[in-house]
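Undergrad: In the working numbering, the protein residues as written are 8 to 156.
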């Protein structure tokens, strides 16, 4: 018999993550090799852009690096700066930091059909997967890119 609960519990979530991580390390030689290396921990990478003289955020990118991969989470550019190349600059800087300062060889991200799949394709990303109807009426794309040669 099991009792099920649906409450949000930060302590249990952390415990669950630790236990899953330990199980994964035992089962995956690839993950096990990462333990104790600079590539074994998720390291945040954040880039913020401001127009000259303005305190307002013009754009930004949040990501993390782990396992020699850059994983872009969020990329946003204010409507007034779209088409200026700011999105390209933010993405290129994240890729540069990941490649040159963190030793990453690949990048990945997810985007929806109503967001920017063509933007990413134009910057060398390739679609490696899709999730139809996520959410209903939309498609999510999973894209990757090799960083460097």
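The beta-carbon is built from N, C-alpha and C at its ideal position, and this holds for glycine as well.
As the structure is a computational prediction, the values presented were derived from the model and not from experiment.
What's the gap between the Cα of residue 153 and the Cα of residue 65?
TA: Within the chain shown, residue 153 is the residue found at index 146, counting from 1. Within the chain shown, residue 65 is the residue found at index 58, counting from 1. Rounded to the nearest angstrom, the two C-alpha atoms are 28 Å apart.
Undergrad: Can you give me the start and stop residues for the alpha helix (DSSP H) that residue 18 sits inside?
TA: On the chain shown, position 11 is the one that residue 18 refers to. Counting along the chain, the alpha helix (DSSP H) containing residue 18 begins and ends at 17-34.
Undergrad: Per DSSP, what are the beta-bridge partners of residue 153 in this structure?
TA: Counted from its first residue, the chain shown places residue 153 at position 146. Its beta-bridge partners are 113.
Undergrad: For residue 148 and residue 52, I'd like the C-alpha separation in whole angstroms.
TA: To locate residue 148, count along the chain shown from 1; it is residue 141. To locate residue 52, count along the chain shown from 1; it is residue 45. The alpha-carbon atoms of residue 148 and residue 52 are separated by roughly 22 Å.
Undergrad: Contact check, residue 49 vs residue 76 under 8 Å by CB: the rounded distance?
TA: The sequence position of residue 49 within the chain shown is 42, counting from 1. The sequence position of residue 76 within the chain shown is 69, counting from 1. Not really, about 10 Å apart at Cβ, beyond 8 Å.
Undergrad: Are the stretch 84-93 and the stretch 111-122 touching, with three or more C-beta to C-beta distances below 8 Å?
TA: Taking a cut-off of 8 Å on C-beta distances, the stretch 84-93 does not touch the stretch 111-122, as fewer than three cross pairs fall below it.
Undergrad: Residue 98 and residue 67 look like a contact to me (Cβ under 8 Å); what is the Cβ gap, rounded to whole Å?
TA: One-based indexing of the chain shown puts residue 98 at position 91. One-based indexing of the chain shown puts residue 67 at position 60. With a beta-carbon spacing of about 11 Å, residue 98 and residue 67 fall beyond the 8 Å limit used to define contacts.
Undergrad: Out of 138, 151 and 24, point me to the one whose CA is closest to residue 127's CA.
TA: As a first step, residue 127 is located in the chain shown; it is residue number 120 there, counting from the start. For the residues 138, 151 and 24, the minimum Cα distance to residue 127 belongs to 151.
Undergrad: Going by alpha carbons, who is nearest to residue 58 out of 89, 139, 8 and 102?
TA: By one-based count along the chain shown, residue 58 stands at place 51. Ranking the options by Cα distance to residue 58, first place goes to 89.
Undergrad: Which of helix, strand or coil does DSSP assign to residue 70?
TA: Indexing the chain shown from 1 puts residue 70 at position 63. Residue 70 falls in the strand class under three-state DSSP.
Undergrad: Suppose the cutoff is 7 Å on Cβ atoms and the five residues either side in sequence are ignored; what does the same chain contact list for residue 101 look like?
TA: If you number the chain shown from 1, residue 101 lands on position 94. Excluding residues within five positions, the ones whose Cβ falls inside 7 Å are 52, 54, 68, 70, 77 and 79.
Undergrad: Judging by CA-CA distance, which residue of 29, 143 and 39 is the nearest neighbour of residue 121?
TA: Taking the first residue of the chain shown as 1, we reach residue 121 at position 114. Nearest C-alpha to residue 121: 143.
Undergrad: Measuring alpha carbon to alpha carbon, tell me which of 19, 155 and 145 ends up nearest residue 131.
TA: In the chain shown, residue 131 corresponds to position 124, counting from 1. When each option's Cα is compared against that of residue 131, the closest is 155.
Undergrad: Taking the straight line between their C-alpha atoms, what separation do you get for residue 39 and residue 60?
TA: To locate residue 39, count along the chain shown from 1; it is residue 32. To locate residue 60, count along the chain shown from 1; it is residue 53. So the alpha carbons of these two residues sit roughly 48 Å apart.
Undergrad: Quick check on this structure: which residue in 56, 30, 95 and 62 has the alpha carbon closest to the alpha carbon of residue 125?
TA: Reading the chain shown from its first residue, position 118 is the one you call residue 125. Checked all of 56, 30, 95 and 62; the closest Cα to residue 125 is 95.
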